[in-house]
Amino acid sequence: MAAAYIAQERKLMEGIEKPEQDVRRKPSFSTGRPPGDNRSAEQIIADNPILKNLGHQKDINREWAYRRLGDWTINNKDPEARADAAFNAARVLNYIDTSLSANGEHRGKAHDNGVLEGITSSGDARRGTPAGMWKDFTEQGYSALRDDHRLDSTRDSYVKADGTVKSDLQWFAGEVGKKTWFIPGLSNIFNGISNSEPGIGGAIEGAKAGFDKTRADGFDKALASAVIGDIKGIAQGYADAVRNNESTPQVVKSALNAVGI
């Protein structure tokens, strides 16, 4: 029965160049290379950066991965088995690397970038990241891969919406952003830093994006109203900026809507 399922799955791969990169369907079991794919393990690894870049950190769980997929390293002396294992691993990793966010959104630069994000400096895989899903796969098998092709949801404040992990500075900025929601200009700047690209340049761009967001959300309206002494306009601009701040508690947003500000 297993052989029949494998044959059926391989049949669906016919005519597809590098079928391990076809992520339209969730992998459900290991198939090895389809007929006609004579690439070696080395060629498959070179064709798939996500496999080539796979590390050896603790939660990568290589030994568990080899048990589920086969050993694609030089420790496996059977070149055909090695190549099949590399194909199996690349297929799973590509599916994970092209996942949507937990909310179903495209992950931008993190999508299909050949990097398994989510491993901490101590080798732990954070939930809600590609590395977290890979860890679950090594422990649970193919059932850990989601049919909706999304990353798992998480409450880990270190994990960004795109499944990448914040630095300590970004995490701290995010915490400040949450606590200063009632000062939307400051909150948005810190949130911008928290959600920015890594590095000083990214932090500066994130801060600017946060400031620009505050202006668009209501600050410019409040400032223009202040110039002409329009108290109601000032209040409306401030309320809009607070309402549109991602860190503002929902109860506050509901209260603002209820009073019609």
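Numbering (our numbering), first residue to last: 142 to 402.
Backbone N, C-alpha and C fix where the C-beta goes; we use that ideal spot for every residue, glycine too.
Predicted model only: the values in this text are computed from it and were never measured.
- Nearest to N235 by C-alpha distance, out of K159, N332 and D361, is K159.
- By the Cβ test, the segment 298-312 is in contact with the segment 241-249, since at least three Cβ pairs between them sit closer than 8 angstroms.
- Using a Cβ distance threshold of 8 angstroms, D297 and G315 do not count as a contacting pair.
- A Cβ-Cβ separation of about 6 angstroms places N229 in contact with G211 under the 8 angstroms criterion.
- Runs of the alpha helix (DSSP H) lying entirely within the segment 209-257 and spanning at least 4 residues, in chain order: 220-238.
- Ranking S169, W322 and P176 by CA distance to the CA of D225 puts P176 first.
- Sequence-distant Cβ neighbours of A376 in its own chain, meaning closer than 7 angstroms and more than five residues away, are I402.
- Within the same chain, and ignoring the five residues on either side of F352 in sequence, the residues whose Cβ sits closer than 6 angstroms to its Cβ are I330.
- V233 is the residue among V233, R180 and Q198 whose C-alpha sits nearest the C-alpha of P168.
- Taking 4 residues as the shortest admissible run, the segment 272-325 contains the following complete alpha helix (DSSP H) segments, listed from N- to C-terminal end: 309-320.
- For I260, DSSP records a beta bridge to A266.
- Secondary structure at N332: helix, using DSSP grouped into helix, strand and coil.
- With contact defined as three or more Cβ pairs closer than 8 angstroms, the segment 276-283 and the segment 315-329 are not in contact.
- In terms of Cα proximity to G359, the closest of K276, E221, N385 and K349 is N385.
- Of all alpha-carbon atoms in D200, R174 and T261, the one lying nearest the alpha-carbon of P220 is that of R174.
- Its Cα nearest to that of A182, the residue N217 stands out among W205, K199 and N217.
- In this chain, the alpha helix (DSSP H) harbouring Q149 covers A143 to L153.
- A direct Cα-to-Cα measurement between P339 and K152 gives close to 43 angstroms.
- In this structure, A251 lies away from G259, with their beta-carbon atoms at least 8 angstroms apart.
- DSSP, reduced to helix, strand and coil, places E183 within a helical segment of the structure shown.
- Nearest to R166 by alpha-carbon distance, out of D288, V393, K349 and A365, is D288.
- Taking the C-beta atoms as reference points, S294 is found no nearer than 8 angstroms to Q311.
- The three-state reading of DSSP puts K159 in coil, since its state is none of H, G, I, E or B.
- The beta carbon of R203 sits closer than 7 angstroms to the beta carbons of H197 from its chain, once the five residues preceding and following it are set aside; these are given in chain order.
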